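In what follows, a structure is listed as structure tokens, so that the remarks can point back to it.
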Amino acid sequence: MASVVSSLNDEREKRLRDFFSKPVRLHLLYTSSVHRADVPTLLSKFDGGAYILALFLPSGSVRGGYTTKSLNYRNEYADEHAFVFEINEDAARRFRVLDAAKAVAIGSAPGISASRDTVQFGSCLHIHSEKLRWCANFGADATYGTGWCEEKQLAVHVELHRVQELEDVLAIPWREVDWTEKTRDDLRKQLVSCELKLESLSRVKALLLGPVGSGKSSLVNSIRSTMYGRTVHLPIIGSAETAFTQKVMGAFGVLADTRHAPVRRTDVSQSVSVALTSYDIRAKKRGRPTALSLCDAMGVGEEGSKDLTLSDALAVVRGHVPEGYKFQSEAPITDATSGYRAEPSLNDRVHCVLFVLDASKVESYPDSLCSALRELRTAVSDLGVPQLILLTHVDQVCPIAKEDVKYVYSSRSLQEKMQNAAELVGLPLSFVFPVKNYISQLSVECNADILLLSVVNSVLQAVDDALEDHFPGPIMEFPSEDPVPHIEEQDRQLSRNMSQLDRRSEAQLLNLFPKPVKLGLLYKGRFHGYEYNTLLNKLGGEGKCVIIIYLASGPVRGVYLSEALSALTSDNDAFLFDVSENGATKYPVLEPSKASVVSYEANLWQFGDSIKMTRYDLRHVSFCARDCVYTSTGWPTKNSQPCEIELHRVHGKFRIVCVCILDTCYPTIGGICHGLQDTRGDDPFVSVLPDSARDDLMRDVVSFQALDKDLPRIRVLLLGPAGAGKSSFVVSARSIMYNRVVHLPIIGKAAGGFTKRLMSYEIRAEKGGCPTALSLCDAMSVGDGCSVGLCLSDALAVVKGHVPEGYKFQSEAPISDKVKGYRAAPSLKEQVHCILFVLSASEVGSYPDSLGSALRELHCEVSDLCEHLHVYREKRDVMLPYSGVPQLILLTHIDEVCHAVHEDVKYVYSSRTLQDTIEKAAELVQMPVSSVMPVKNYTSEHSVTCNVDILLLDAIRHVLNAVDDMLEDQFPAANETFKVEPLKP
Numbered sequence: 001m002a003s004v005v006s007s008l009n010d011e012r013e014k015r016l017r018d019f020f021s022k023p024v025r026l027h028l029l030y031t032s033s034v035h036r037a038d039v040p041t042l043l044s045k046f047d048g049g050a051y052i053l054a055l056f057l058p059s060g061s062v063r064g065g066y067t068t069k070s071l072n073y074r075n076e077y078a079d080e081h082a083f084v085f086e087i088n089e090d091a092a093r094r095f096r097v098l099d100a101a102k103a104v105a106i107g108s109a110p111g112i113s114a115s116r117d118t119v120q121f122g123s124c125l126h127i128h129s130e131k132l133r134w135c136a137n138f139g140a141d142a143t144y145g146t147g148w149c150e151e152k153q154l155a156v157h158v159e160l161h162r163v164q165e166l167e168d169v170l171a172i173p174w175r176e177v178d179w180t181e182k183t184r185d186d187l188r189k190q191l192v193s194c195e196l197k198l199e200s201l202s203r204v205k206a207l208l209l210g211p212v213g214s215g216k217s218s219l220v221n222s223i224r225s226t227m228y229g230r231t232v233h234l235p236i237i238g239s240a241e242t243a244f245t246q247k248v249m250g251a252f253g254v255l256a257d258t259r260h261a262p263v264r265r266t267d268v269s270q271s272v273s274v275a276l277t278s279y280d281i282r283a284k285k286r287g288r289p290t291a292l293s294l295c296d297a298m299g300v301g302e303e304g305s306k307d308l309t310l311s312d313a314l315a316v317v318r319g320h321v322p323e324g325y326k327f328q329s330e331a332p333i334t335d336a337t338s339g340y341r342a343e344p345s346l347n348d349r350v351h352c353v354l355f356v357l358d359a360s361k362v363e364s365y366p367d368s369l370c371s372a373l374r375e376l377r378t379a380v381s382d383l384g385v386p387q388l389i390l391l392t393h394v395d396q397v398c399p400i401a402k403e404d405v406k407y408v409y410s411s412r413s414l415q416e417k418m419q420n421a422a423e424l425v426g427l428p429l430s431f432v433f434p435v436k437n438y439i440s441q442l443s444v445e446c447n448a449d450i451l452l453l454s455v456v457n458s459v460l461q462a463v464d465d466a467l468e469d470h471f472p473g474p475i476m477e478f479p480s481e482d483p484v485p486h487i488e489e490q491d492r493q494l495s496r497n498m499s500q501l502d503r504r505s506e507a508q509l510l511n512l513f514p515k516p517v518k519l520g521l522l523y524k525g526r527f528h529g530y531e532y533n534t535l536l537n538k539l540g541g542e543g544k545c546v547i548i549i550y551l552a553s554g555p556v557r558g559v560y561l562s563e564a565l566s567a568l569t570s571d572n573d574a575f576l577f578d579v580s581e582n583g584a585t586k587y588p589v590l591e592p593s594k595a596s597v598v599s600y601e602a603n604l605w606q607f608g609d610s611i612k613m614t615r616y617d618l619r620h621v622s623f624c625a626r627d628c629v630y631t632s633t634g635w636p637t638k639n640s641q642p643c644e645i646e647l648h649r650v651h652g653k654f655r656i657v658c659v660c661i662l663d664t665c666y667p668t669i670g671g672i673c674h675g676l677q678d679t680r681g682d683d684p685f686v687s688v689l690p691d692s693a694r695d696d697l698m699r700d701v702v703s704f705q706a707l708d709k710d711l712p713r714i715r716v717l718l719l720g721p722a723g724a725g726k727s728s729f730v731v732s733a734r735s736i737m738y739n740r741v742v743h744l745p746i747i748g749k750a751a752g753g754f755t756k757r758l759m760s761y762e763i764r765a766e767k768g769g770c771p772t773a774l775s776l777c778d779a780m781s782v783g784d785g786c787s788v789g790l791c792l793s794d795a796l797a798v799v800k801g802h803v804p805e806g807y808k809f810q811s812e813a814p815i816s817d818k819v820k821g822y823r824a825a826p827s828l829k830e831q832v833h834c835i836l837f838v839l840s841a842s843e844v845g846s847y848p849d850s851l852g853s854a855l856r857e858l859h860c861e862v863s864d865l866c867e868h869l870h871v872y873r874e875k876r877d878v879m880l881p882y883s884g885v886p887q888l889i890l891l892t893h894i895d896e897v898c899h900a901v902h903e904d905v906k907y908v909y910s911s912r913t914l915q916d917t918i919e920k921a922a923e924l925v926q927m928p929v930s931s932v933m934p935v936k937n938y939t940s941e942h943s944v945t946c947n948v949d950i951l952l953l954d955a956i957r958h959v960l961n962a963v964d965d966m967l968e969d970q971f972p973a974a975n976e977t978f979k980v981e982p983l984k985p
């Protein structure tokens with residue numbers, strides 16, 4: 001069948017595959033254009049598995065049925081997963097089986113005596129052969145509830161496809177993307193509308209670096225294709241035995257001094273691009289250039305190869321290398337090179353580096369190449385240039401991504417590839433972007449465009465974030481982008497994607513389940529309509545759902561079902577419920593076989609006698625007090641029209657047996673408690689956090705102000721071992737404020753720690769906004785006596801304020817008064833006002849004893865600073881005693897030690913594992929448990945989430961409160977002008 005092409009075009013096949021809850025692939029087994037048109041021939045193709053029978057009608061529409069049964073050994077088949085469908089130009093509809101016992105049958109056509117000459121899906125779809133031509137009969141029935149008109153179609157084309165469910169698929173994508181045309185248009189508009197506000201910056205230059213054959217030049221082609229709406233063919237890509245492009249000159253890519261070697265179709269052995277070439281990305285064909293320019297260069301090679309060297313790559317990043325320079329590995333770039341820029345401007349420099357890696361080779365790159373890439377990444381980071389990783393050829397390593405790249409974040413194998421790419425270069429997973437270049441297509445695709453445009457906009461945001469600390473005022477603006485949609489549209493979108501269930505009611509409902517679960521909204525009546533079949537289709541044939549009925553009078557009622565709605569099997573776990581101001585009540589099922597019943601004669605969908613709904617208008621609901629199927633509810637017997645109906649899928653949160661959940665909450669957000677509260681562990685945050693918790697915490701952090709001019713900022717020093725997540729905490733704090741994940745060139749992985757300098761980072765209330773009172777200071781990682789790291793004397797010098805900003809630590813040369821910029825008499829604003837010991841939850845139990853000793857010694861020395869440290873006040877020539885620096889512990893990577901917290905960080909205080917880990921962290925530094933604040937940094941995500949923000953903001957608020965408490969006794973308002981604006985309660 002390899003040479004036979006299905007009549008399903010791409011659009012129809014996509015609509016057909018969308019009927020399934022998981023990615024599937026269709027394999028053509030039978031087509032009437034090739035095979036004999038009779039039932040025996042068709043049935044002979046059923047060889048085990050699941051099948052789609054498709055009928056192509058003269059009108060252009062497609063009807064058919066799906067079954068998981070092999071129809072070649074008996075006449076009747078019960079199939080609870082069966083459905084029939086109809087696809088036309090306007091829509092695609094699926095009708096799930098309602099009476100599974102009558103799903104599929106092999107029978108006789110009217111007037112024909114043979115017993116197996118008709119394939120029947122209930123009474124709504126029959127096909128049989130007349131004179132070797134396929135005929136079909138359609139009609140309405142109760143088995144599927146189609147409502148099709150009675151009709152007979154002659155000479156229909158028939159195909160049979162095997163449905164293969166693709167393996168390696170996550171139930172929920174680990175990154176959420178809205179794969180729609182609107183998303184593509186919005187991303188394109190964001191790029192086109194970006195305006196550079198910095199006079200010294202006319203274009204953002206992104207340099208593509210990567211091994212030979214990774215797809216750097218193809219990426220340029222692909223991004224231009226995305227902007228032009230068609231595939232572009234530039235003379236910059238290909239396979240060559242020697243160099244394909246020798247030299248490119250001019251702003252418009254005019255070729256000069258170009259030699260072409262014979263093209264080979266084998267693997268690329270040397271770089272195709274050997275000259276530094278810049279390509280403007282235009283809004284449209286012959287349109288104005290956007291803010292982005294992509295720079296292509298020679299491929300990075302192993303040590304000793306003839307590819308791009310480290311020194312040449314850094315010369316390009318610094319801006320010394322002229323446009324069109326032809327790289328020569330035997331002749332590195334020097335100040336004697338023709339066109340060399342000795343003092344490059346900001347425009348001449350590279351503003352972002354994109355490491356381009358091949359997904360099909362990321363695990364097989366030689367160690368020497370990996371070392372070269374990590375060395376390059378470290379050197380570029382020292383220059384303050386942001387870096388991202390692009391993973392190309394994702395469609396070559398994952399079948400589901402090849403079918404449709406929208407599954408790129410649903411593939412376990414691709415998730416592993418991205419993690420490997422991150423580890424190879426030494427950057428967090430959130431810095432990795434999968435893309436699919438246009439190398440075989442002749443037209444662009446929406447989902448591939450979304451991936452490519454996401455990269456482009458992330459580059460601009462990363463550059464904006466990196467330059468923010470060096471230039472005052474706005475760097476970039478997006479005038480045509482409307483970050484806050486029209487209020488009516490915003491409300492409509494929010495109400496479509498958000499449940500009407502308030503947080504308190506949700507908590508009460510979730511507490512009815514024996515183990516923690518979460519709800520996923522699938523259906524809202526006001527947006528999807530109130531028909532039974534519509535609701536059924538939204539569930540996708542899977543069980544474990546909650547149907548919620550909102551009454552106009554206020555209470556919420558509904559039913560939980562653990563089996564698929566279309567199945568007529570018993571449901572032992574079903575229950576009814578009601579939720580009101582007085583609490584939630586559960587009414588378990590007494591007769592499981594009648595938990596959910598659809599009556600076609602009475603046109604009802606009923607759950608015992610307690611709830612009855614009209615199938616064609618679910619808003620017509622009646623309740624009854626007495627019931628023999630469920631425990632009697634006592635609800636008043638009456639008809640009612642609810643204000644809304646919702647369907648939620650119920651996700652089990654803890655499927656791994658090692659998860660241990662506390663029956664009580666330990667402790668709570670909003671204030672650190674010293675004991676265990678009498679709170680259920682199912683959803684501990686809900687009872688202590690209102691809907692506005694994140695906004696309230698944000699408001700507290702932003703409103704905290706030190707009014708004395710001697711202390712404009714609260715300086716918080718991050719101290720901890722290598723890899724604990726100090727720099728990631730800085731990035732996460734900014735991500736919260738900007739409401740998106742920030743990519744700063746300050747984090748990565750390196751032996752002995754990534755950060756080598758003392759750097760301070762202001763935390764602004766919003767992008768381009770005023771700084772808050774918080775300034776986070778990052779420093780070299782703490783050593784343990786065996787490894788190179790920050791020594792005790794240097795750490796204390798930083799705390800006392802002697803060390804200048806940007807100082808590069810040298811373990812072999814401790815800080816002294818001979819250091820350039822050393823502050824002999826530091827002011828209050830130059831000192832550190834709080835210390836955060838940053839520890840990894842995944843490592844806290846295995847840190848070496850020497851590190852524990854170093855941390856404890858550092859804690860004790862900082863605590864003793866009250867005896868030696870004084871505050872110099874410029875207003876008065878006096879020295880005031882200083883009571884010491886408050887110290888707290890930040891426990892990161894909490895999602896790596898507890899599967900429950902990995903699912904949702906709101907369970908952080910319900911996990912016995914994390915309770916033990918928090919106590920170990922406190923014991924390691926010899927500090928109280930109340931000083932430990934667990935957080936999750938943004939290291940793999942591309943978007944922020946509410947509960948992660950709450951943990952991070954709560955930690956920041958505790959830091960500010962600790963400094964406020966310390967300063968309160970030192971500078972009373974009666975004697976000094978220093979005062980701190982109190983936090984709102």
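Residue 488 in the UniProt record's numbering sits at position 488 of the sequence shown; the count goes up by one each step and never skips.
C-beta: ideal position from N, C-alpha, C; glycine also.
Nothing here was measured: the structure is a model prediction, and the numbers come from that model.
> Start and end of the beta strand (DSSP E) containing L501?
Replying inline: Element bounds for L501: n/a, residue is neither H nor E.
> Comparing alpha-carbon positions, which option in D348, V300, S640, D90 lies nearest A206?
Replying inline: D348
>> Tell me the DSSP secondary structure of R715 in three-state form.
In response: strand
>> Would A136 and V104 qualify as a contact pair, given that the criterion is a beta-carbon distance under 8 Å?
In response: no
> Does the region 731-741 touch the region 851-861, meaning 3 or more C-beta pairs lie closer than 8 Å?
Replying inline: no
> For F704, which of helix, strand or coil comes out of DSSP?
Replying inline: coil
> Since K808 sits in a beta bridge, which residues does DSSP pair it with?
Replying inline: R757
> Short check: CB of D141 to CB of H128, under 8 Å?
Replying inline: no
> Nearest to Y409 by alpha carbon, out of Q926, E941, G301, S345?
Replying inline: E941
> My guess is that R184 and I450 are in contact by the Cβ rule of under 8 Å, so how many angstroms apart are they, rounded?
Replying inline: 5 Å
> Under three-state DSSP, which class holds residue 986?
Replying inline: With the chain covering only 1 through 985, there is no way to say anything about residue 986.
> Skipping 5 residues on each side, what residues in its chain have a beta carbon closer than 6 Å to that of S811?
Replying inline: V788
> Over what stretch of residues does the beta strand (DSSP E) that includes C834 continue unbroken?
Replying inline: 834-840
> If you drop the 5 nearest sequence neighbours on each side, which residues of the same chain put their C-beta closer than 7 Å to that of A283?
Replying inline: V192, M227, T290
> If you check the beta carbons only, do V862 and I889 fall under 8 Å apart?
Replying inline: no
> Going straight from the alpha carbon of A101 to that of S44, what length do you get?
Replying inline: 23 Å
> Can you tell me the Cα-Cα spacing of R873 and V832, whole angstroms?
Replying inline: For R873, the pLDDT reaches just 39, beneath the cut-off of 50, and the residue's location in the model is therefore unreliable, although a value from the coordinates is still provided. The straight-line gap from Cα to Cα measures roughly 16 Å.
>> Quick check: the Cα distance between M966 and Q926, rounded to an integer number of angstroms?
In response: 20 Å
> Helix, strand or coil: how does DSSP classify Y77 here?
Replying inline: strand
> For K653, which of helix, strand or coil comes out of DSSP?
Replying inline: Legend: pLDDT at K653 = 48, less than 50; position of this residue unreliable, no value from coordinates given.
> Any contact of the region 387-404 with the region 424-434, i.e. 3+ C-beta pairs under 8 Å?
Replying inline: yes
> How would you label G529, buried or exposed, when you count the other beta carbons within 10 angstroms and need 16 or more for buried?
Replying inline: exposed
> What are the complete alpha helix (DSSP H) segments, minimum 4 residues, inside the region 299-325?
Replying inline: 310-318
> What residue does the alpha helix (DSSP H) around N137 start on, and which one ends it?
Replying inline: N137 -> not in any alpha helix (DSSP H); beta strand (DSSP E) instead, spanning 133-138.
> Since M418 is in the alpha helix (DSSP H), which residue starts that stretch and which ends it?
Replying inline: 412-425
> Can you name, in chain order, every residue of its own chain whose Cβ lies under 6 Å from the Cβ of W179, other than the five neighbours on each side?
Replying inline: K406, N447
> Quick one: is Y822 near chain C, going by C-beta distance under 8 Å?
Replying inline: Absence of chain C from the displayed structure is noted, only one protein chain being present.
>> Please identify the residue among G634, D695, V901, Y822 whose C-alpha is closest to the C-alpha of D954.
In response: D695
> Quick one: what's P588 bridged to in DSSP?
Replying inline: F575
> Does the Cβ-Cβ distance between Y30 and L160 come in under 8 Å?
Replying inline: yes
>> I need the boundaries of the beta strand (DSSP E) containing L346, first residue and last residue.
In response: Looking at the DSSP string, L346 is not in any beta strand (DSSP E), and its letter there is neither H nor E.
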